[in-house]
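Below is one structure, written out as C-alpha cells; the observations come after it.
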C-alpha cells in the first residue's frame, strides 16, 4: 500500500472515529442527564427520610447534607486517582450507576438500623433531650455518611471517570467538561421538580426511589452496550492520538502554580452555599416554606448553574482565557448579588403583581425565583469548567483535574451549608451575610488574577479598582420589604416591629398590632401574644388546646406541648399538672417570648413546671421513655418542611407510645388548609392509632381532634360535681370557656360519626404524606364548604344530642350553645341546631337567640314570644323576652303583658330583669343590693354574661366601698369573662373604670385600645356617632392620665393613641387598619 493510500485510509478512520466519538459522547450526555435526574430524586427522598429518623432540626438537616456531599467529594477524589488505570471506563461508569441503584435500595434499611442504634446509644432518657451537645450531631454525621456512602461515593466518581473518557484533545477540556457538568445539573433540575411535584405526591417515597433506580439501571444497560465499542474506538483513535506522557504522581501534576485554583474553588463552593441558604431564606418569605416552594427555589438555582456551566464550556478554550473568565465570574457573582440584594425592596410588589406566593402557581413562583437567583447563579455555574481548564495542562490531566476541582469545591459547599445556617446567618443576619459573601467573591476575583503572571498589569489593576469601589459603595441594610411580607397575605402588613432575629431555621419577628403582638416565622403568622392589661378576647382558641384534654383527663400530671407559639396554651395550667414539656424547633421563638415577658399578664416561661426542649418532636420522643397524660400537637403549617412529618401515622404511633394508658392526644388543624379528601385522610389516620377520636371546632376554622384509647366524654367530666379542676375552669372563663355548654358547643363529631365519614380513606404516612403535598395555605372556598357540608350531615349537636348527652344525664342549654356558635361566625350551624329541636318552646328560644345575634331584633322578639306562648312556665324564655324589650321597659313603654310577665318571673330571671332596669339609671346601690341574687346565676344560664356585667358595674362605680381595689379587681375579672362570651360596648367603660380604680395603668391602656376597635365595628349602627363622640373624650382623658402617671412606657401609650386616632377617623368608612392573624385565630373587632 502506497504512503498516500495509507494516509487516506488513516484519515477515513479518523473521520469515522470522530463521528463515532461524537455519537458516543451524545449517548453519554443522555446517560449523565439521567444520572443527575436520579441523584436529585434520591437526595430529595433521603432528606425527607432522614428527617423522619433524625428530626428536622437544623443540626440534623445540616449533618445529613454534609454527609451526602462528603460522599460525593470522596468519590471524586478516588476516581481522580484511579480513572487513568481503567481499560473500559464506560463499563466502569455503568457499574458505578449500578452501585448507586443498589446502594439507594439499601438506604431505607440502613436508616432503620441507624435509628435503632441511635435509640440503643442515646435513648431511654428520663426527660426528652435537646438537640444540642455533641453526641447527637456526631452520631447523625457518622450514621448518615455510612448509610449513604455507597451511592454517594459512586455518584461522586462518575464525573471524573467520564471526563477521562470523553476528553481526547486539549481543546476539548473546557468544552466537554462544561457540557457534562451542565447536562448532569440539568438532569438534577428535572429530578428536583419531578420529585416534588409529581413522584413523591402521587407515588410516595419508596416508589420515587424506584424511579431513580430504574434511571440508574437504564444507564447501566446503555453503558454495557457502549463499552463494547471501547476497544474499537481506542484502535481507531490510536492513529490520530499521540502517546500519553509518562504518568506523574498527583503531587507532581498539581505542584505547579495553577494549583492555587483548588483552594479558590473550595472558597467558591463555600460562598455559593452561603448564597443558596441566604436566597432560599429570603425567597421563603415570599413563596412560603412548602416542599413545592423549596423545590422551585432549588430548581431555579440549579438552572442558573446549568446555563452558566454551558456558557463557560464554550469560553474555556485555554488557560489564559479561563483565568480571565474565572476572575470575571467571581466579580460578576459579587456585583450581581449586590444589585439583586439592593433591589429586594421591589420584589414583594413584583410578587404581588404577578400573583406569586404560597398561593401562586409553580410557574409564577419559578419566574420570581429566577429574577432573584439567575443573575448570580449563572456566574456560579461557570466556575467549575473554567477551574478544570485552568488546572489541566492537557487532555491526560482532565480526569484528575476534574476530580480535584470537584472534591475541593464540594468540601467548600459542605462547609458553606453548615456555617451559613448555624453561624453566619444567625450572627451576621442578612445584611452582614451578603456583605461577607460578596467580599469573599471580590477577594477571589482579585486573587485569581494576582496569582498568575500577566503581560500587562493594566487589566488586573482595573479589576482590583472595581472590586475596591464595589466594596466601598455596597452598604446593605436589612431587607425589610421582604421580611415584613407574609407568603399568605402579601406585603400589605405594616405592624410596628418590636423584635426580629434571624435564627438557624427561620426568621422570627414580633410586630405590635395594638391589641396583640403578632409572632411570625419566615413571614408565616404563627401566634398572637396578648399584651398586659388587654382583654384576652383573642386568646381563647389557644387555651382550648390544653383545656380540652385536661377536662377530659382531670387527673393529668404530665403534659407535652409540641410548638410553643405565643405560649398561651401553657399559661396558668392547673396546679394538679406537675410537669409541662414544650418542644420547640426554633430557639428564637423562645427569645421572642422572653422579650415580652414583662409585657404580658402571665409569663408562661416563668412557670417552674415548664421545660423548653429545643429539638424536633420526633427526634426528642425517640430518645426518652417519659410518658405523658396529655400530648398537644400544634406544629406549624402542615405543608412546611419542619412540620409536615408531624401529621403521619408513624408520628401518631410514636406519640401514642409516650402516652399513659388513658392518655389523650390533641391534634390542631385548620379547615382552610384542607379539602374533603385530606380531611378524611387525617381523620382516618388518627382513627388508625386511637380507638376513640372526637372533633371539636372552637371557632369556624379550627379543627381540634381529640384522641385516646379510653372513652372520651369531656362534657360528662364537666357535669360531675367532684371534678378537681374548678380552679382551672375559673382561669379559662375569661377566655370564653365558662362551663359545660361552652365546651359542648365545640363538639362536631364523635368517634362513631368520624369513623363513618373517614371509612376507606387512605392514610397519611411517612411514605405517602398527603398533607405535606396536598395542604395549602388557603384552600378554594368551595372545597372548604364541601367539608362543612360533610360535617353538617353528621353534626353531633344536630343529629346525636340524645345519644351523646340526654342519654347520659348531661343537661344542655341550647340557647347558650347557639349564641356561642353565632359568636364564632357559624351561623348556619346555629340555625340547624334550632331547626333540629323537637320541643317548640326550646326551638323558638334558640331561634330568638340566633336572630338577636344576627341583629334582627324584630325576628328575635317574635321567636321569644312564640317560646313563651308554647311554654308559659319556660322562665328562661320569659327573661329573654323581657331582655329584648329592655328599652321599652326602662322607658315605661312596655305593654301590660310584658309587665305581668316580668313581675311573675322567678329568680334568677327576676334578678336579671331588675338589674337591667337599674343599670341604665346608674343605680349602682340597687345593683349592689341585688348582688346575692345575681351571684346565684349559673354559668349554664343564658343570662350569665349579663349577670357578670351587672355585678361588675357596681364594683367599678363611684360608690364608697370597703376594699375598693379588691372590688375593682373582681370587676376586671368579671368583665373579661363576660366580654369573651357576650361582647357589649358598655363593658369597656366598666372595665376602664375598674382598671383605673384598681390602679392598673396597663389595663387602662389595653381597654382604651380594645374599645376603640369596638367602636370601629359598630360605627354604622344607630347611636354610634354619639358613642364615638363621648368615648373620644374618655380616650383623651385616659391617655393624658397615663402620660402623667408614667408607669406605662411612653411609646406604648403613643402607639395606642395613634391607633385610637386611626380607628376613630376610619369609623363609618370602608377603611380598616391592616391586620394579619395566624390560621384559626379570630379576634373580635379585627
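Numbering (the UniProt record's numbering), first residue to last: 1 to 1086. Glycine is no exception: its CB is placed at the ideal position from the N, C-alpha and C atoms. Small disclaimer: the values here were computed from a predicted structure and weren't measured.
Under the three-state DSSP convention, the category residue i falls into
i            : result
residue 430  : helix
residue 604  : helix
residue 1060 : helix
residue 343  : coil
residue 61   : helix
residue 545  : helix
residue 692  : strand
residue 254  : Bear in mind that a pLDDT of 41 at residue 254, under 50, signals an unreliable position, so the number given afterwards is only what the model happens to contain. Coil.
residue 668  : strand
residue 169  : coil
residue 644  : helix
residue 1007 : helix
residue 949  : helix
residue 235  : Confidence is the limiting factor: at residue 235 the pLDDT is only 48, short of 50, which leaves the residue's position unreliable and the question unanswerable from this model.
residue 367  : helix
residue 521  : strand
residue 742  : helix
residue 384  : helix
residue 940  : coil
residue 359  : coil
residue 294  : helix
Same chain only: Cβ atoms within 7 Å of residue i, ignoring 5 sequence neighbours per side
i            : result
residue 470  : 334, 335, 338, 442
residue 755  : 687
residue 1005 : 533, 1042, 1048, 1052, 1053, 1056
residue 242  : A caution first: residue 242 carries a pLDDT of 49, below 50, which makes its placement in the model too unreliable to give a value.
residue 212  : 38, 41, 42, 104
residue 182  : 306, 309, 310, 313
Residues near residue i in its chain [Cβ-Cβ closer than 6 Å; skip 5 each side]
i            : result
residue 1087 : Residue 1087 lies beyond the stretch modelled for the chain, which goes from 1 to 1086, so this question has no answer here.
residue 1126 : An answer regarding residue 1126 cannot be provided, because it is not within the stretch 1 to 1086 covered by the chain.
residue 824  : 699, 700
residue 425  : 433, 502
residue 689  : 652, 653, 656
residue 861  : 884
residue 500  : 509
Integer-rounded CB distance, given that residue j should sit under 8 Å from residue i
i            : j           : result
residue 1092 : residue 330 : Nothing in the structure corresponds to residue 1092, since the chain is present only between 1 and 1086.
residue 272  : residue 164 : 25 Å between Cβ atoms; not a contact.
residue 945  : residue 978 : 4 Å
residue 91   : residue 217 : With a Cβ gap of about 15 Å, residue 91 and residue 217 do not count as contacting.
residue 125  : residue 624 : 5 Å
residue 1100 : residue 576 : In the structure displayed, the chain extends from 1 to 1086; residue 1100 sits before or after that span and is not available.
residue 427  : residue 510 : The Cβ separation is near 20 Å, so there is no contact.
residue 849  : residue 803 : That belief does not hold up - the Cβ atoms of residue 849 and residue 803 are roughly 24 Å apart, past 8 Å.
residue 658  : residue 51  : The pair is not a contact, with the Cβ atoms about 19 Å apart (cut-off 8 Å).
residue 368  : residue 261 : At roughly 35 Å, the Cβ-Cβ gap does not stay under 8 Å, so residue 368 and residue 261 are not in contact.
Residues near residue i by beta carbon distance below 8 Å, same chain, minus five either side
i           : result
residue 263 : 408
residue 128 : 560, 581, 583, 613, 615, 620, 621, 623, 624, 626
residue 11  : Bear in mind that a pLDDT of 47 at residue 11, under 50, signals an unreliable position, so the model cannot answer this.
* **Length-filtered (4 minimum) alpha helix (DSSP H) runs lying within the stretch 837 to 903** => 840 to 853, 857 to 870, 875 to 884, 886 to 890
* **Inter-stretch contact at 8 Å, needing at least 3 Cβ pairs: the stretch 187 to 207 / the stretch 95 to 107** => no
* Contact the stretch 518 to 530 vs the stretch 538 to 549: 3+ CB pairs below 8 Å -> yes
* Contact the stretch 745 to 761 vs the stretch 956 to 966: 3+ CB pairs below 8 Å -> no
* When the Cβ atoms of the stretch 988 to 1000 are set against those of the stretch 964 to 980, are three or more pairs found closer than 8 Å? -> yes
* Answer yes if the stretch 61 to 81 comes into contact with the stretch 658 to 670, meaning at least three C-beta pairs across the two stretches below 8 Å, and no otherwise. => no
* Asked: Is the number of C-beta pairs between the stretch 304 to 320 and the stretch 378 to 385 that are closer than 8 Å three or more?
  -> yes
* If we count Cβ pairs, one from each stretch, closer than 8 Å, do we get three or more for the stretch 782 to 791 versus the stretch 706 to 719? -> no
* Taking three-plus beta-carbon pairs below 8 Å as touching, is the stretch 831 to 842 in contact with the stretch 887 to 898? -> no
* Tell me the start and end of each unbroken alpha helix (DSSP H) in the stretch 81 to 138 that is at least 4 residues and wholly inside, in chain order. => 89 to 122
* Asked: Are three or more beta carbon pairs between the stretch 166 to 181 and the stretch 43 to 57 nearer than 8 Å?
  -> no
* Asked: Just checking, does the stretch 146 to 157 make contact with the stretch 99 to 115 on the three C-beta pairs under 8 Å criterion?
  -> yes
* Flag this pair as touching only if the stretch 362 to 375 and the stretch 271 to 288 have three or more C-beta atom pairs under 8 Å; answer yes or no. => yes
* Identify every run of the alpha helix (DSSP H) within the stretch 549 to 600, keeping only runs that are complete inside it and at least 4 residues long; order them along the chain. => 587 to 595
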